[in-house]
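Engineer: The structure follows.
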Amino acid sequence: MPDRAPKHTLEAFCAASFNGDLPLLTQMLDREDPINGFQGDINEHFKEYTALHFAAVNGQTECVDALLKAKADPHMKTRMPRGKSPADGRTALQLADDWGWDDIAAVLKAAEAKEPKGDYIMGGPLNNAKIYPSTLTSTGRDPAEVKLVTQKLSGMCKPYFLEVTEHPTSIGLLFPGQGSQYVK
């Protein structure tokens with residue numbers, strides 16, 4: 000199936016996290032919904048933050064919980080600009096702590112303790128991006144899960160052809176300035 004433009008972009012996904020729009024975020028986190036679900040990587044950086052960072056910075060506890068349940072990586076660090084070390088990036092826990100969101104910091108601390116730390120790109124413009132094992136797709140999803148969603152979408156988008164009952168009549172439309180002055 001050819002790629003299509005997603006209904007929800009990474010920017011919209013991160014905005015829902017930042018603004019605390021839990022109904023929209025929950026809808027986007029339904030990865031089996033090929034229309035309304037966000038089909039990208041929930042651990043991808045938008046500018047320098049991931050969706051989890053955005054929720055943690057703005058004190059959106061419910062969004063942080065929803066993202067962690069959807070397997071957002073609590074160990075991800077913020078992307079660093081050129082000239083700064085990727086090791087100086089901040090985790091969502093550190094950001095929540097900086098902004099005084101103690102309840103979010105406690106949730107993230109528990110998530111960091113439970114979740115093993117992954118591998119991350121340590122240099123270049125994609126610094127601190129998550130590296131997924133070769134058994135997963137580039138969005139961190141199981142290939143069988145991606146195939147299921149693709150099949151579900153293709154089943155919903157079957158073309159519908161009408162049967163021609165009579166031969167169509169050809170017509171021509173001429174508008175002023177397109178040669179209509181020559182036709183009487």
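Residue 0 is where the sequence shown starts when you use numbering that gives the first Met the number 0, and the numbers rise one by one after that.
Quick reminder that beta carbons are idealized off the backbone N, C-alpha and C, glycines included.
1) For residue 104 and residue 12, I'd like the C-alpha separation in whole angstroms.
2) What does the Cβ neighbour count give for residue 10, buried or exposed, with the cut at 16 atoms within 10 Å?
3) What's the call for residue 35, buried or exposed, on a 16-neighbour Cβ count within 10 Å?
4) Would you say the stretch 66 to 78 touches the stretch 121 to 129, given that touching needs at least three Cβ pairs under 8 Å?
5) Checking 8 Å against the spacing of the C-beta atoms, do residue 16 and residue 53 come in under that value?
6) Verify whether the separation of the beta carbon atoms of residue 69 and residue 28 is less than 8 Å.
7) Can you have a look at residue 8 and say buried or exposed, based on whether 16 or more other CB atoms are within 10 angstroms of its CB?
8) Do residue 49 and residue 42 have their C-beta atoms closer together than 8 Å?
9) According to DSSP, simplified to helix, strand and coil, what is residue 130?
10) For residue 25, collect the residues of the same chain with a Cβ closer than 7 Å to its Cβ; drop the 5 residues on either side in sequence, then sort them by chain order.
11) Given residue 62, which residues of its chain have a CB within under 7 Å of its CB, disregarding the five upstream and five downstream residues?
Structural biologist: Let's see:
1) 22 Å
2) exposed
3) exposed
4) Cβ pair count under 8 Å is three or more, so yes.
5) yes
6) yes
7) exposed
8) yes
9) Residue 130 carries a strand assignment under DSSP once its states are collapsed to helix, strand and coil.
10) 65
11) 16, 19, 21, 24 and 54
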